[in-house]
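Written below as structure tokens is the structure these notes are about.
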Amino acid sequence: MSRVYNFSAGPAVLPEEVLKEIQEEIFDYNGSGQSVMEMSHRSKVFDDIIKEAEADLRDLMHIPDNYKVLFLQGGASLQFAMIPMNLMKNKVADYIVTGQWAKKAYQEAAKYGKAVKIASSEDKTFSYIPDCSDLPIDDDADYVYICMNNTIYGTVYKELPNTKGKDLVADVSSCFLSEPLDVSKFAIVYGGVQKNVGPAGMVIAIVREDLITDDVLEGTPTMMKYKTHADADSLYNTPNCWCIYVCGKVFKWLKKMGGLEAMKEHNEKKAAILYDFLDSSEMFKGTVEKKDRSLMNVPFVTGDKDLDAKFVKEATEAGFVNLKGHRTVGGMRASIYNAMPIEGVEKLVAFMKKFEEENK
Ligand SMILES: *Cc1c(COP(=O)(O)O)cnc(C)c1O
């Protein structure tokens, strides 16, 4: 049995230790005589799983008591609608558009009220994060929205925008649990878990309690109200039980690894290996401004489409998979999430060096 080095942007690599534990428990979870896939979400066994997952996540992120943790379905994309439906009381929201995911969220919000694009980096294919120190924030804005780490383009906010007192909402899908985050600076932090945390099919929304009310836009479906899920502790209807279980295992793994401070160190070390090589290479170049480089998603190109394709093909054959870049950027992208070991990045760089030598 051999495993590849998986650089997929999502669904993505999971810790091997976690996969093995799941394998051991698949027929009989903790003496229950059932797999987690088979048990009632109302059972005591499952109740322990979801409660423990939430407690471990709260512990890892130091989530303040006045925030609810919600395990929701519909992926990160459903939040693009849920956020305006629950928060747009004045029907105005400010969006900073730094990539496709932020743009989709902005376009969705425009269906429910006045969505204002207060900054964008689309002029240079989203290769940087705009200066957000003094933006034209609307007086009436219900919130300011950002996508923290731009999965496709490989940029990340190193500093949060100055929202001039307005609530900040952030999509953290591709940097979730990659480093410490001060939740108290946000109204809502949410992320699809399939990038850095678990299997596909769930989003975790961390929502400040005062925003969880019945005062939502008219016509908001029951399932789209934060209050529905908050009141039922994420068990209003059948949740993604399997995903909650696996995420819970990943939270335990993260704690064992030393928590988010340790993860940050681990991720900085990995990213530096790759970025240092890109900065020294004659053939491979990073595509974003250095100051805005993501620790999680690293796009790079050779400048020659045929050579890019040759690289992706040979890399795949050598066991480095899912390196093809997003269609809008081209070239390559290495996603190096928490579960990617340092040795995976070291070996990738060694392979890139060899490829450069052979294709000069
Ligand atoms: C992948 C991704 C999404 C979309 O996630 P889905 O769960 O597929 O809806 C949204 N935002 C970011 C930043 C992402 O990386």
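Under my numbering, the first residue of the sequence shown carries the number 8, and numbering increases by one thereafter. Every residue, glycine too, gets a C-beta built ideally from N, C-alpha and C.
Asked: Whole-angstrom distance between Phe318 and Lys298, CA atom to CA atom; Found: 27 Å
Asked: Whole-angstrom C-beta distance between Leu184 and Leu77, which should lie under 8 Å; Found: Their Cβ separation, rounded to whole angstroms, is 16 Å, which puts Leu77 and Leu184 out of contact at 8 Å.
Asked: Length of the line joining the Cα atoms of Met89 and Asn157; Found: 20 Å
Asked: Segment limits, alpha helix (DSSP H) that includes Gly255; Found: 248 to 263
Asked: Near ligand 1: Trp249 beta-carbon under 6 Å from a heavy atom; Found: no
Asked: Cys254: CB within 6 Å of a non-hydrogen atom of ligand 1; Found: no
Asked: Complete alpha helix (DSSP H) runs within the stretch 98 to 129 (minimum length 4 residues, chain order); Found: 107 to 116
Asked: CA-to-CA distance, Leu242 to Glu28, given in whole angstroms; Found: 25 Å
Asked: Among Glu216, Met68, Glu31, Glu289, the one whose alpha carbon lies nearest that of Glu363; Found: Glu289
Asked: Near ligand 1: Gly199 beta-carbon under 6 Å from a heavy atom; Found: yes
Asked: Spatial neighbours of Cys250 in its chain, beta-carbon cut-off 6 Å, leaving aside the 5 residues before and after; Found: Gly205, Pro206, Gly208, Met209
Asked: Contacts around Val163, its chain only, beta-carbon distance under 8 Å, and the 5 residues preceding and following it disregarded; Found: Ile136, Met155, Asn156, Asn157, Cys182, Asp299, Arg300, Ser301, Leu302, Met303
Asked: Beta-bridge pairing of Ser342 - partner residues as DSSP gives them; Found: Asn304
Asked: Residues bridged to Asp178 (per DSSP); Found: Cys154, Tyr197
Asked: Given Leu142 as reference, the closest of Ser127, Ser134, Phe133 once Cα atoms are compared; Found: Ser127
Asked: Per-residue DSSP class, three states only, for Asn93; Found: helix
Asked: Trp260 beta carbon near ligand 1 (any heavy atom closer than 6 Å); Found: no
Asked: Three-state class that DSSP yields for Phe183 in the structure shown; Found: coil
Asked: Nearest-angstrom Cβ-Cβ length linking Ile153 and Ala109, presumed shorter than 8 Å; Found: 7 Å
Asked: Nearest to Lys75 (by Cα), restricted to the options Ser84, Gly82, Leu64; Found: Leu64
Asked: Gly38 Cβ short of 6 Å to ligand 1 heavy atom set; Found: no
Asked: Beta-carbon spacing of Gly226, Tyr12 below 7 Å; Found: no
Asked: In DSSP terms, what Lys354 is bridged to; Found: BP columns for Lys354 are empty, so no partner.
Asked: Burial state of Met44, where buried means 16 or more other Cβ atoms lie within 10 Å; Found: exposed
Asked: Helix, strand or coil at Tyr12 according to DSSP, with G and I counted as helix; Found: strand
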